[in-house]
Amino acid sequence: MKHQKLLPFPESFLWGASTSAYQVEGASREDGKGLSCQDVKKVPEGTSELDICADEYHRFKEDIALYAEMRFKTYRFSIAWTRILPEGTGTVNQKGIDHYNDVIDECLKYHIEPLVTMYHFDMPHALNQRGSWSNRDSIEWFADYAKTLFENFGDRVKYWLTINEQNMMTLVGPVIGTSVLPSDCTNEKKELYQQNHHMLLAQAKAMILCHEMLPGAKIGPAPNISPVYADSCRAQDVLAAQNANAIRNWLYLDAAVYGKYNALVLSYLKEQNAMFEIQPDDMNILKQAKPDFIGFNYYDTSVCKWPANTQEDHTDRKKADQQSRMQVDGAFASCVNPYLKKTDFGWNIDPEGLRVALREIYSRYHLPMIITENGLGAYDVLEEDGTVHDPYRIEYLKKHIQQIQLAITDGCEMLGYCPWSAIDLISTHEGIKKRYGFIYVDREEFDLKTMKRYRKDSFYWYQNVIRSNGDIL
Ligand code: BG6
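Numbering (the numbering used here), first residue to last: 68 to 540.
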């Protein structure tokens with residue numbers, strides 16, 4: 068629809084931004100924190116370790132004051148499982164509880180609504196040693212952790228996100244440092260989807276528990292959604308795009324919202340001899356869980372065509388990242404989109420794809436939506452006078468926010484927008500040099516410099532966007 072008049076953003080729209088614990092906090096071995104998979108992984112050559120990051124663990128008051136200055140209505144951050152339960156299960160670490168109490172209280176002091184991700188790529192190492200998500204006990208490990216969070220923070224946290232990008236952990240786990248397979252694994256694909264099944268059950272239990280324990284709270288999933296376009300109007304290419312959308316996107320939301328497995332994915336897995344085990348009561352558990360909203364991360368879109376070869380799998384799981392073009396065995400083959408520009412780090416820039424995603428998700432699930440990530444990774448430069456000029460980021464964000472307003476006018480129900488990232492932090496696999504924040508952190512890959520915070524041009528721009536509730540766009 069070409070709208071003649073745009074609807075305004077709702078008054079209650081949650082403008083904010085996101086971070087995750089292992090990428091922003093640092094203090095990875097302090098105050099009783101246990102090790103997570105991120106603390107023991109070998110970081111890619113030429114990129115920083117994850118032990119100091121932006122040091123938000125020690126500087127959260129200063130950072131949250133800056134978020135308040137930007138007029139954030141919400142701050143999406145994750146809780147490190149290993150600060151709360153250093154071994155993943157068992158004894159609670161009071162210092163971890165105290166820390167997040169302080170972070171939450173600091174947000175509330177400025178009327179910033181905490182939007183808490185329970186798990187963002189940082190499985191406790193101790194649990195990985197006990198079989199990680201391959202172990203069916205992982206469902207209870209996560210449910211117990213969720214209960215501890217609800218007991219301790221549920222009086223103040225009203226918005227919860229379960230698992231960040233479960234689809235990326237399943238599809239491209241090695242590059243983001245989350246993949247653990249049993250040493251005797253002989254069928255990798257089956258094992259990955261078994262892990263995925265356990266994660267879905269864990270998420271379902273957390274959603275059920277949240278509603279039982281905290282009647283006023285809202286909870287939702289947070290996958291990475293990237294609409295897949297067909298390469299041509301040939302029906303075969305449309306079928307390939309449907310396959311890709313099912314495998315990459317809808318499997319995760321169908322299960323979270325309807326408690327059902329996507330039929331295309333099940334058929335594909337059976338064909339691949341990768342059908343995982345579902346125990347008798349599992350589907351009931353999935354069905355009982357009802358998210359209140361859908362959170363999703365959006366960075367780009369992709370294009371697919373019918374695969375030439377029905378057997379080959381060209382996806383290199385060891386190299387593919389969150390936005391890599393995937394090629395899945397006989398289901399679809401990826402193509403280049405000639406209409407899109409790319410970021411300095413090779414990800415497509417497709418603001419209109421965000422409107423596509425919003426319309427599609429709303430049509431499929433009829434739930435309010437919050438964008439939990441979206442942003443531009445770039446090489447920012449700190450000038451001698453302390454300024455950082457990032458017009459490219461402003462341009463990127465502006466175009467995406469405009470598409471949100473168009474989607475609102477289309478009839479989509481929107482709760483908020485939390486771009487990635489509130490402040491510079493360490494990328495999943497490309498270091499600090501790939502900066503996303505509104506706030507520049509004065510450090511380099513291997514030189515911690517002053518760690519001082521500097522407001523980028525996008526900081527002031529976003530402050531005005533929020534001040535005008537999106538009216539200045
Ligand atoms: C998302 C993740 O996939 O993308 C974040 O949830 C991540 O953790 C963000 O940092 C940007 O990706 P990258 O690889 O550039 O850090």
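Virtual Cβ for every residue (Gly too), placed ideally from N, Cα, C.
Handout entry: Burial state of Q161, where buried means 16 or more other Cβ atoms lie within 10 Å
Key = By 1-based counting over the sequence shown, the position of residue 161 is 94. Classification for Q161: exposed.
Handout entry: Close beta carbons around I179, own chain, < 8 Å, minus the five adjacent residues each side
Key = By 1-based counting over the sequence shown, the position of residue 179 is 112. Only G83, I131, Y134, A135, F139, K140, T141 and Y142 meet the Cβ criterion.
Practice task
Enumerate in chain order the residues of its own chain whose CB-to-CB distance from F526 is below 7 Å, with the five nearest sequence positions on each side excluded.
Solution key: Indexing the sequence shown from 1 puts residue 526 at position 459. So the list reads M137, F505 and I506, once near-sequence residues are dropped.
Practice task
Using 7 Å as the cut-off, classify the Cβ of G444 as near or not near the heavy atoms of the ligand BG6, replying yes or no.
Solution key: In the sequence shown, counting from the first residue as 1, residue 444 sits at position 377. Correct: G444 has its Cβ closer than 7 Å to the ligand BG6.
Handout entry: Rounded separation between L306 and R431 - CA only
Key = Along the sequence shown, one-based indexing puts residue 306 at 239. Along the sequence shown, one-based indexing puts residue 431 at 364. Cα to Cα, L306 sits roughly 18 Å from R431.
Practice task
Would you kindly check if the distance between the Cβ of P486 and the Cβ of S85 is under 8 Å?
Solution key: For this step, residue 85 is matched to residue 18 along the sequence shown. For this step, residue 486 is matched to residue 419 along the sequence shown. Yes.
Practice task
For Y446, count neighbouring Cβ atoms within 10 angstroms of its own Cβ and tell me buried if that reaches 16, exposed if not.
Solution key: Counted from its first residue, the sequence shown places residue 446 at position 379. By the 10 Å Cβ count, Y446 comes out exposed.
Handout entry: Residues that M436 bridges to, as DSSP identifies them
Key = Within the sequence shown, residue 436 is the residue found at index 369, counting from 1. The partner list for M436 (beta bridge, DSSP) reads I361 and M481.
Problem - Buried or exposed (CB count within 10 angstroms, at least 16 for buried), Q233 - result: Position 166 of the sequence shown, counted from the first residue, corresponds to residue 233. With 16 or more Cβ atoms within 10 Å of its Cβ, Q233 is classed as buried.
Exercise for the section: Indicate the three-state DSSP secondary structure (helix, strand or coil) for T176 in the structure shown. Expected result: Mapped onto the sequence shown, residue 176 falls at position 109. Note that residue 176 is Lys in the sequence shown here, rather than Thr. Residue state, collapsed to three classes: helix.
Problem - Near the ligand BG6: S103 beta-carbon under 7 Å from a heavy atom - result: Start at 1 with the first residue of the sequence shown, and residue 103 comes out as number 36. No - the ligand BG6 has no heavy atom lying nearer than 7 Å to the Cβ of S103.
Problem - Supposed contact pair L320 and P294 - C-beta distance, whole angstroms, cut 8 Å - result: As a first step, residue 294 must be located in the sequence shown, where it is residue number 227. As a first step, residue 320 must be located in the sequence shown, where it is residue number 253. No, P294 and L320 are not in contact; Cβ-Cβ is about 12 Å, not under 8 Å.
Practice task
Identify which residue in I292, C277, V532 and E344 has its Cα closest to the Cα of K466.
Solution key: In the sequence shown, residue 466 corresponds to position 399, counting from 1. The candidate whose alpha carbon is nearest that of K466 is V532.
Exercise for the section: Could you check if P358 is buried or exposed, using at least 16 other CB atoms within 10 Å of its CB as the buried criterion? Expected result: Stepping through the sequence shown from its first residue, residue 358 is reached at position 291. Classification for P358: buried.
Problem - Cβ pair H265, S205 closer than 8 Å - result: Residue mapping note: residue 265 aligns to position 198 of the sequence shown, counting from 1. Residue mapping note: residue 205 aligns to position 138 of the sequence shown, counting from 1. Against a cut-off of 8 Å, the Cβ pair of S205 and H265 comes out as a contact.
Exercise for the section: Would you mind sorting L216 into buried or exposed? The rule is 16 or more other CB atoms within 10 Å of its CB. Expected result: Your numbering for residue 216 matches position 149 in the sequence shown. Burial call: buried.
Problem - Collapsed DSSP secondary structure at S250 in the structure displayed - result: In the sequence shown, the residue the question calls residue 250 occupies position 183. Coil, per DSSP.
Exercise for the section: Measure the alpha-carbon distance for K519 versus D491 and round it to whole angstroms. Expected result: Position 452 of the sequence shown holds residue 519. Position 424 of the sequence shown holds residue 491. Approximately 11 Å, taken between the alpha carbons.
Problem - Assigned secondary structure, L473 (DSSP; H/G/I helix, E/B strand, else coil) - result: Start at 1 with the first residue of the sequence shown, and residue 473 comes out as number 406. Residue state, collapsed to three classes: helix.
Handout entry: Distance CB(A273)-CB(T229) smaller than 8 Å
Key = Sequence index remark: in the sequence shown, residue 273 carries index 206 (1-based). Sequence index remark: in the sequence shown, residue 229 carries index 162 (1-based). Yes. Within cutoff.
Practice task
Let me know if H70 comes out buried or exposed under the rule of 16 or more other beta-carbons within 10 Å of its beta-carbon.
Solution key: Against the sequence shown, residue 70 aligns to sequence position 3. That one is exposed.
Handout entry: Beta-bridge pairing of T141 - partner residues as DSSP gives them
Key = Locating residue 141 in the sequence shown gives position 74, where the first residue counts as 1. In the DSSP output, where bridge partners are listed per residue, T141 has G83 and E180.
Practice task
Give the C-beta separation of A398 and N310 to the nearest angstrom, bearing in mind that I take them to be a contact with Cβ-Cβ under 8 Å.
Solution key: Position 331 of the sequence shown, counting from 1, holds the residue named residue 398. Position 243 of the sequence shown, counting from 1, holds the residue named residue 310. Right, their Cβ atoms sit about 4 Å apart.
Problem - Coarse secondary structure for F399, derived from DSSP in three states - result: As a position in the sequence shown, residue 399 is number 332, starting the count at 1. If DSSP states are grouped into helix, strand and coil, F399 belongs with the strands.
Problem - K256 classed as buried or exposed, judged by whether at least 16 other C-beta atoms fall within 10 angstroms - result: Mapped onto the sequence shown, residue 256 falls at position 189. Buried, since its Cβ has 16 or more Cβ neighbours within 10 Å.
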